[in-house]
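Peer 1:
Numbering (our numbering), first residue to last: 5 to 204.
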């Protein structure tokens, strides 16, 4: 075999080895990109699911409250005696809209924490209890036309809101701070509820 022919064989072998290495490198790169895309897709799905879990219950609470409240404002609530510090009716809608947005954000912050985060489960449990009480209050006070039933509810509700703030503080301080305006407003609403019951 001539040295020239032998050199060609060596060069052909080197080219073949290089092509195989390149093919392997491309496969590795393709697999890595596929995994990254899958991970990104899973993260997006998780983010959307978390957002829906935070928003939908709060939105449902708002809608349920309105269903009980609005039909009874003119027919019943307007006939009640009210204290001098009772806000005008138009104030309640924007205030509650802001509070529900803060509640949804707080829930999202808690839900976004890893499932094994200490205190996360407790914070979410008391959060959804106070949210349930929030929805029930409108039905007790307005639909049942019973200030005393509403008063019992709102006192318990205040306790669960404070418990939620305490539990959330250990998990995510921003989630807890978002609920402070809610605690202040519901405390004021409890005083208002008591005054309406007392006057009527």
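Cβ coordinates follow ideal geometry from the N, Cα and C atoms, glycine included.
#1: What does the alpha-carbon distance come out to for the pair residue 212 and residue 71?
#2: Excluding the five sequence neighbours on either side, which residues of its own chain have a C-beta within less than 8 Å of the C-beta of residue 14, listed in chain order?
#3: Any idea what DSSP makes of residue 149, helix, strand or coil?
#4: Do residue 196 and residue 87 count as a contact pair if the criterion is CB distance below 8 Å?
#5: Nearest to residue 99 by CA position, among 193, 173, 198, is which residue?
#6: Just to confirm before moving on: does the CB-CB distance between residue 216 and residue 150 stay below 8 Å?
#7: Short of 6 Å in beta carbon distance, which residues of its chain neighbour residue 62, apart from the five on each side in sequence? Order them along the chain.
#8: For the alpha helix (DSSP H) that contains residue 177, what are its first and last residues?
#9: Does the beta carbon of residue 175 come closer than 8 Å to any beta carbon on chain D?
#10: How is residue 80 classed by DSSP in three states: helix, strand or coil?
#11: I believe residue 191 touches residue 162 by the beta-carbon criterion, under 8 Å. Please report the beta-carbon distance rounded to the nearest angstrom.
#12: Mapping the DSSP letters down to three states, classify residue 11 as helix, strand or coil.
#13: Take residue 160 and list the residues in its own chain whose beta-carbon comes closer than 7 Å to its own, dropping the five residues that flank it on each side.
#14: Classify residue 175 as buried or exposed, calling it buried when 16 or more other Cβ atoms lie within 10 Å of its own Cβ.
#15: Whose C-alpha, out of 53, 60, 80, 66, is nearest the C-alpha of residue 146?
#16: For a test of the three-state rule: what should DSSP assign to residue 107, helix, strand or coil?
Peer 2: Taking the definition as stated:
#1: The shown model of the chain, from 5 to 204, leaves out residue 212, and the question about it has no answer.
#2: Confidence is the limiting factor: at residue 14 the pLDDT is only 49, short of 50, which leaves the residue's position unreliable, though a coordinate-based value still follows. None.
#3: coil
#4: yes
#5: 193
#6: Nothing about residue 216 can be reported from this structure: the residues present for the chain run from 5 to 204 only.
#7: 104, 107, 108
#8: 177-181
#9: Judged by its chain identifiers, the structure shown contains no chain D, having just a single protein chain.
#10: coil
#11: 6 Å
#12: In this prediction, residue 11 scores a pLDDT of 45, lower than 50, which makes its location untrustworthy; no coordinate-derived value is stated.
#13: 137
#14: buried
#15: 80
#16: helix
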